[in-house]
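Here's the structure we're looking at; comments come further down.
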Amino acid sequence: MIHLQMEALSLIYARSINYCIGAGGRVPWELPDEYALFERTTRNHAIIMGRASWEDHRTTLPDRLNIVVTSRPAAAFSKGIRVARSLPEALSLARSSNLAPFVIGGTRLLAEAMPLTTRVFETIVDVEVEGDTYVDAFDFTGWHASVVDQRGIDANNRYAWTTRRYQKPMPKET
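Just add 16 to the spot in the sequence shown (first one is 1) and you have this note's numbering.
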């Protein structure tokens with residue numbers, strides 16, 4: 017059980033309508049406009065990912081503190097990657113750098129972070145994908161939801177997609 021003070025922690029991920037987030041170690045779609053939204057949203061923040069998610073990128077994402085949660089030694093990663101052994105350690109690294117953390121994947125890390133999360137950016141890609149990595153269907157009952165961006169099929173988007181922001185309501189003081 018993780019016991020951390022509830023501070024701003026965000027999740028950001030894209031999934032298909034059947035909850036697929038990966039196929040063969042890669043994101044199963046290319047959506048430049050959705051990726052640009054991801055980049056704008058996470059810029060100047062800490063991004064926390066599992067090893068397999070890092071292997072999808074294979075490089076540091078610029079203008080962010082890149083933290084990989086793994087049991088592998090730090091020497092196994094490119095320059096600019098910070099290594100943490102657990103989610104609590106990754107959150108501590110982010111906060112000691114005064115950067116708000118975003119968990120960007122994979123499946124286990126998203127599920128582990130969800131109880132601590134105050135905000136979720138979820139992109140739903142309008143396609144069913146056969147893959148090998150699926151995210152849980154999180155329950156957003158009681159959360160405040162808003163549409164951040166929505167795109168149809170066009171020259172930049174092979175599939176339609178919608179990004180929603182879910183904000184957990186603050187607990188009422190008694």
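Cβ coordinates follow ideal geometry from the N, Cα and C atoms, glycine included.
- Assignment of F54 by DSSP, reduced to helix, strand and coil, places it in the helix class.
- Taking a cut-off of 8 Å on C-beta distances, the stretch 93-109 touches the stretch 73-84, as three or more cross pairs fall below it.
- Spatial neighbours of F118 in its own chain (CB-CB distance under 6 Å, excluding positions within 5 residues in sequence) are listed in chain order as S26, I28, T58, H61 and I63.
- Around the beta carbon of A161, a 10 Å sphere encloses fewer than 16 other beta carbons of the protein chains shown; the residue is thus reported as exposed.
- Contact between M65 and G147 does not hold, since their C-beta atoms are separated by about 17 Å, which reaches or exceeds 8 Å.
- Within the same chain, and ignoring the five residues on either side of F54 in sequence, the residues whose Cβ sits closer than 7 Å to its Cβ are I28.
- Between the beta-carbon of L47 and that of Y175 there is about 7 Å, and that keeps the pair under the 8 Å contact cut.
- Between the alpha carbons of W177 and L115 lies a gap of roughly 28 Å.
- The shortest C-alpha to C-alpha distance from Y182 to any of A68, T157 and G168 is the one to T157.
- A direct Cα-Cα distance of roughly 8 Å separates A90 from I97.
- By the beta-carbon neighbour count (other beta carbons within 10 angstroms, threshold 16), T179 is buried.
- Only residues of its own chain outside the window of five on either side were considered, and among them V85, T86 and S87 have a CB closer than 8 Å to the CB of R101, listed in chain order.
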